[in-house]
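J.: My questions will all concern the structure given below.
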């Protein structure tokens with residue numbers, strides 16, 4: 107099922123979905139009027155397929171596939187390029203990364219990351235790509251790194267204070283926020299990265315609590331929190 111949120115009516119609407127089978131653990135991005143669905147897993151196969159949705163025409167179109175199959179992929183947009191990083195191809199966690207140019211409909215490999223990462227999260231700040239946390243096949247990661255498109259180089263930055271997989275990452279102002287629900291309760295722990303000082307600090311001056319409408323086993327499930335900052 108594919109849904110879109112209408113903020114004017116405060117409602118979620120179902121959108122036509124042409125997939126032959128359900129897809130999970132994909133990445134998504136919005137660029138130049140299209141919503142892109144990238145990679146994923148259908149319970150049997152791991153995909154390098156990329157499709158985009160036109161919200162005005164309510165139609166789907168398949169575009170060029172990625173070089174690698176990726177589920178649990180991290181996706182962000184910088185300077186009209188879509189970046190797809192890491193993930194799991196069914197055999198191993200990936201450190202490879204690539205970017206998509208919608209004008210040429212081509213994916214191009216970029217320099218690999220320092221670490222293998224699946225179920226990490228990425229964001230954009232000051233023209234650079236930040237990716238944080240994830241899982242390397244053995245353990246959850248506290249490490250983070252930044253990609254400079256001008257030099258095509260990744261640099262490790264200061265690690266987060268805790269290991270985070272299934273982390274939610276966003277940029278606001280000149281800071282990167284890493285948000286993840288604790289696996290033993292519903293309070294969301296937030297860290298904030300300062301680019302100028304290369305330091306993370308505890309951003310939990312306020313605690314955000316997730317409210318669930320049905321009983322869930324939060325000791326075995328991962329949640330991503332979405333923060334709207336005004």
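In this note's numbering, the protein residues as written are 107 to 336. Glycine included, each C-beta is placed from N, C-alpha and C at the ideal position.
If the criterion is Cβ atoms closer than 7 Å, does the pair residue 137 and residue 179 meet it?
T.: Counting from 1 along the chain shown, the entry for residue 137 is found at position 31. Counting from 1 along the chain shown, the entry for residue 179 is found at position 73. No, these two residues do not count as a Cβ contact at 7 Å.
J.: Determine the direct distance from the alpha carbon of residue 210 to that of residue 293, and round the result to whole angstroms.
T.: Mapped onto the chain shown, residue 293 falls at position 187. Mapped onto the chain shown, residue 210 falls at position 104. Its pLDDT being 41, under 50, residue 293 is placed unreliably in this model, and the value from its coordinates should be taken loosely. Residue 293 and residue 210: Cα-Cα distance of roughly 44 Å.
J.: I believe residue 191 touches residue 219 by the beta-carbon criterion, under 8 Å. Please report the beta-carbon distance rounded to the nearest angstrom.
T.: If you number the chain shown from 1, residue 191 lands on position 85. If you number the chain shown from 1, residue 219 lands on position 113. Residue 191 to residue 219, Cβ: 6 Å. Contact.
J.: Evaluate residue 196 with the Cβ neighbour count: other Cβ atoms within 10 Å of its Cβ, from every protein chain shown; 16 or more gives buried, anything less gives exposed.
T.: Locating residue 196 in the chain shown gives position 90, where the first residue counts as 1. So residue 196 counts as exposed.
J.: Classify residue 234 as helix, strand or coil using the three-state DSSP reduction.
T.: Within the chain shown, residue 234 is the residue found at index 128, counting from 1. In the structure shown, residue 234 sits in a strand (DSSP, three-state: E or B).
J.: Can you find the residues in the same chain that come closer than 8 Å, C-beta to C-beta, to residue 310, ignoring five residues on each side of it along the sequence?
T.: Residue 310 sits at position 204 when you count from the first residue of the chain shown. Result list for residue 310: 295 and 296, in chain order.
J.: Please go through the same chain and pick out, in chain order, the residues whose beta-carbon is closer than 8 Å to the beta-carbon of residue 113, but skip the five residues on each side of it.
T.: Locating residue 113 in the chain shown gives position 7, where the first residue counts as 1. If we look at residue 113 and ignore the five residues flanking it on each side, it has no Cβ neighbours.
J.: Between the Cα of residue 153 and those of 255, 127 and 201, spot the shortest distance and give me the residue it belongs to.
T.: The sequence position of residue 153 within the chain shown is 47, counting from 1. Among 255, 127 and 201, the Cα nearest to that of residue 153 is on 127.
J.: Quick one: using the 10 Å Cβ neighbour count with 16 as the cut-off for buried, is residue 133 buried or exposed?
T.: For the purposes of this step, residue 133 is identified with residue 27 of the chain shown, where counting begins at 1. Label assigned to residue 133: buried.
J.: What's the gap between the Cα of residue 187 and the Cα of residue 252?
T.: In the chain shown, residue 187 corresponds to position 81, counting from 1. In the chain shown, residue 252 corresponds to position 146, counting from 1. Roughly 16 Å between the two C-alpha positions.
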